[in-house]
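The numbering of the first sequence is our numbering, which starts it at 12 and goes up by one.
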Amino acid sequence: MADDTTVRVRIAPSPTGALHLGLVRTALYNWLFARQHKGRFILRIDDTDPVRNREEMLEPILRGLRWLGIDWDEGPEVGGPHAPYFQSQRTERYRQVVTELLERGAAYYDYATPEEIAEERKAAQAEKRLFLYSRRWMAETKEQAHRFEAEGRKPAVRLKMPREGRLVIDDLVRGRVEFEWQREQDQVIQRADGTFLYHLATVVDDHDFAISHVIRAEEHLSNTPRQVFIFQALGWPVPRFAHLPVVAEPGSRQKLSKRKMEKYLKNPDFAELVERGAKIARAIGLKTSPEVFNPVMVEFYERVGFLPQALVNYLALLGWSLDDRTEFFTREELLRSFSLERVIGAAASFDPKKLMAFQVHYMLELGLDEKVALVLPYLVKAGLVHSPPNPRETELTRKIVEAAGDRIKVAGDIVDYQEFYIEDDRLSYDRAARAEWLGSAQQLKMVALFKERLSQMARFDRQELERLIADISAAEGVKTGELAQTLRVAVTGKAIGFGLADTMAILGRERCLARLSRALETKLT
RNA sequence: GGCCCCAUCGUCUAGCGGUUUAGGACAUCACUCUUUCAAGGUGAAGGCACCGGUUCGACUCCGGUUGGGGCCA
Numbered sequence: 012m013a014d015d016t017t018v019r020v021r022i023a024p025s026p027t028g029a030l031h032l033g034l035v036r037t038a039l040y041n042w043l044f045a046r047q048h049k050g051r052f053i054l055r056i057d058d059t060d061p062v063r064n065r066e067e068m069l070e071p072i073l074r075g076l077r078w079l080g081i082d083w084d085e086g087p088e089v090g091g092p093h094a095p096y097f098q099s100q101r102t103e104r105y106r107q108v109v110t111e112l113l114e115r116g117a118a119y120y121d122y123a124t125p126e127e128i129a130e131e132r133k134a135a136q137a138e139k140r141l142f143l144y145s146r147r148w149m150a151e152t153k154e155q156a157h158r159f160e161a162e163g164r165k166p167a168v169r170l171k172m173p174r175e176g177r178l179v180i181d182d183l184v185r186g187r188v189e190f191e192w193q194r195e196q197d198q199v200i201q202r203a204d205g206t207f208l209y210h211l212a213t214v215v216d217d218h219d220f221a222i223s224h225v226i227r228a229e230e231h232l233s234n235t236p237r238q239v240f241i242f243q244a245l246g247w248p249v250p251r252f253a254h255l256p257v258v259a260e261p262g263s264r265q266k267l268s269k270r271k272m273e274k275y276l277k278n279p280d281f282a283e284l285v286e287r288g289a290k291i292a293r294a295i296g297l298k299t300s301p302e303v304f305n306p307v308m309v310e311f312y313e314r315v316g317f318l319p320q321a322l323v324n325y326l327a328l329l330g331w332s333l334d335d336r337t338e339f340f341t342r343e344e345l346l347r348s349f350s351l352e353r354v355i356g357a358a359a360s361f362d363p364k365k366l367m368a369f370q371v372h373y374m375l376e377l378g379l380d381e382k383v384a385l386v387l388p389y390l391v392k393a394g395l396v397h398s399p400p401n402p403r404e405t406e407l408t409r410k411i412v413e414a415a416g417d418r419i420k421v422a423g424d425i426v427d428y429q430e431f432y433i434e435d436d437r438l439s440y441d442r443a444a445r446a447e448w449l450g451s452a453q454q455l456k457m458v459a460l461f462k463e464r465l466s467q468m469a470r471f472d473r474q475e476l477e478r479l480i481a482d483i484s485a486a487e488g489v490k491t492g493e494l495a496q497t498l499r500v501a502v503t504g505k506a507i508g509f510g511l512a513d514t515m516a517i518l519g520r521e522r523c524l525a526r527l528s529r530a531l532e533t534k535l536t
């Protein structure tokens with residue numbers, strides 16, 4: 012920064028019980044900006060809506076931010092010099108400010124009923140002229156107020172907006188944006204019941220918390236004039252604004268919303284992501300309320316076993332880029348290269364496939380031990396290993412993870428390999444796979460033959476297994492691949508999996524023999 | 001409906017008047033590898049919304065149209 016004022020930025024989520032991807036992207040950009048400028052990143056809670064004012068509604072938001080490594084310097088749980096950071100606890104201050112606005116003539120008591128306002132609006136529309144409240148029920152003196160109150164009216168407080176001239180905002184992302192004051196309505200800032208409205212609270216908090224840059228989604232751009240008016244009316248310095256493009260839904264430019272799952276499910280890529288999550292959730296006994304457990308929410312990614320760095324990298328690039336080729340950024344690189352100037356103005360659609368590509372990339376960077384550590388908790392939750400896992404289980408898992416390689420794309424994918432953990436006599440067979448590969452007499456004969464030779468094998472290792480498979484397929488005149496599929500189904504119950512020799516080596520000779528016997532004995536149903 | 005924002009391959013984007021036969025990534029397709037699945041390798045296809053200006057020269061600047069989105073209702 013050229014000037015020497017301290018950079019202080021904030022995000023101001025409502026406690027909605029979940030952390031939305033769009034909010035995380037905004038949080039990330041704010042966080043990067045703050046850290047780059049050695050400033051402060053503040054978390055403020057917009058909990059003016061009393062129904063939402065519950066601690067358990069806030070927890071998922073804090074948890075999600077922490078998981079992504081987006082730490083806040085002031086706010087819930089960490090406090091700070093401007094505490095409290097909850098709007099619900101600051102109503103006294105809002106009352107003060109409204110009084111001051113009233114005294115300065117920048118706001119007024121208004122005794123109009125909503126019907127009367129609607130009436131004026133209708134009339135204006137009928138005449139095709141710009142609607143401007145007549146201020147007929149405005150009370151600027153005690154006498155006027157008494158008169159309206161005598162009629163049984165109750166006052167709200169409205170902003171007394173300018174009716175001429177224009178406002179120019181120099182937005183850090185959008186550049187020069189102009190508004191005509193006369194098109195801004197006399198917005199209510201305090202309702203008749205005494206509660207305060209968002210725009211008032213936001214401005215007061217941004218001022219009181221000494222926010223230098225308001226970096227937020229574009230949906231707030233249209234609301235900026237009335238906020239600037241409040242700043243100016245009070246003689247407060249106006250912060251710099253940066254309006255980020257919204258994160259849009261897959262295949263459209265519309266804002267990503269948690270309430271449109273049904274629509275998004277029609278997108279095959281999105282549906283695939285959901286299905287992957289559902290598979291894992293089922294295996295680990297997780298209740299899957301669509302409110303929280305859906306790819307619009309950060310919690311989904313955490314629960315399913317995504318890597319935070321993958322999500323961060325993907326989100327960083329959703330609306331920003333460094334150049335024409337750099338795709339992968341460590342946190343340090345992001346800190347070094349991020350800039351608001353390079354944030355794009357257009358909405359960016361969320362692309363599940365691309366996110367997954369980042370996830371695969373970062374998964375590939377992990378060492379075997381790290382992957383095992385990530386995967387083990389899923390096995391515990393699925394009841395496949397003890398809690399904590401014993402050394403034998405850990406070693407088995409290690410071998411599986413190694414053999415599976417990049418097939419495990421998210422940590423929870425380990426549940427695809429449940430067959431290695433269950434007892435041999437409890438192995439179940441996929442119907443279709445069994446029908447195809449263990450259905451004929453010829454196939455069963457090969458299983459029997461293989462079993463026979465396996466038990467006589469001098470050395471039991473991958474190489475010998477490969478050789479045995481090759482020998483038998485040659486002798487029986489079947490393709491190696493076909494024999495392998497038959498054996499794979501016999502030993503794992505499924506037609507898909509990693510290398511057969513790896514599979515058998517991990518299982519060990521005894522377990523293979525037991526499973527081959529079971530395949531031969533179990534009646535087809 | 002009014003105001004505001006936005007507009008390069010399907011998607012995310014590079015491009016800030018000539019270096020561009022418009023570059024990269026994801027996705028797609030083909031080939032390859034292959035014991036299923038996944039990954040890998042090689043290659044291909046695919047875009048400047050439209051119309052006017054400005055200029056010797058426009059993806060790039062300006063205006064409009066169209067389209068998309070946001071906010072207020």
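Where a beta carbon is used, it is the ideal one built from N, C-alpha and C, also for glycine. It should be emphasised that the depicted structure is a prediction, and the values quoted were computed from it without experimental measurement.
Neighbourhood of Arg473 by C-beta, 6 Å cutoff - its chain only, sequence neighbours within 5 removed: Ala512 and Ala516
Three-state class that DSSP yields for Leu447 in the structure shown: Note that residue 447 is Glu in the sequence shown here, rather than Leu. The answer is helix: DSSP assigns Glu447 an H, G or I state.
His224, enclosing beta strand (DSSP E) - first and last residue: His224 to Ala228
Helix, strand or coil at Asp482 according to DSSP, with G and I counted as helix: helix
Bridge partner(s) assigned by DSSP for His31: Met308
Reference Thr110; option with closest CA among Asp441, Gln201 and Asp60: Gln201
Bridge partners - Val258, DSSP secondary structure assignment: Ala359
Three or more C-beta pairs below 8 Å linking the region 451–461 and the region 410–427: no
Local Cβ density within 10 Å of Asp530, reported as buried at 16 or more and exposed below that: At residue 530 the sequence reads Ala, which differs from the Asp that was named. It counts as buried.
Distance between beta carbons of Ala259 and Ser360, contact taken as under 8 Å: 4 Å
As assigned by DSSP and simplified to three states, the class of Arg287: helix
Ser350 to Thr37 span [Cα, whole Å]: 13 Å
Within the region 377–401, ranges of the alpha helix (DSSP H) (whole runs, at least 4 residues): 379–392
Whole alpha helix (DSSP H) elements within the region 112–192, 4-residue minimum: 125–137 and 153–161
Residues sharing a beta bridge with Lys266, DSSP: Ala259
Whether Gly394 touches Gly504 by CB criterion (9 Å): no
CB of Leu211 within 9 Å of CB of Val108, strictly: yes
Given Thr27 as reference, the closest of Val309, Ile128, Lys266 and Ala282 once Cα atoms are compared: Val309
For Phe240, the three-state DSSP class (helix, strand or coil): helix
Terminal residues of the beta strand (DSSP E) in which Leu54 lies: Arg51 to Leu54
Simplified DSSP state of Gln107, which is helix, strand or coil: helix
Selection from Gln265, Lys266 and Ala282 that minimises the alpha carbon distance to Glu273: Ala282
Helix, strand or coil at Ile22 according to DSSP, with G and I counted as helix: strand
8 Å contact criterion, which Leu74 and Ile53 should meet: CB distance rounded: Note that residue 74 is Arg in the sequence shown, not Leu. Actually they do not touch by this definition, with Cβ atoms about 18 Å apart.
Buried or exposed (CB count within 10 angstroms, at least 16 for buried), Pro87: buried
Euclidean distance between Cα positions of Pro402 and Val383: 12 Å
Arg264 beta carbon less than 9 Å from that of Ala292: no
Simplified DSSP assignment, three categories, for Glu195: coil
Alpha-carbon spacing of Val214 relative to Gln320, whole angstroms: 33 Å
Spatially closest choice to Leu79 from Asn324, Thr533, Phe461 and Gln453, by CA coordinates: Asn324
Integer Cβ distance of Gln193 from Leu143, believed to fall under 8 Å: 7 Å
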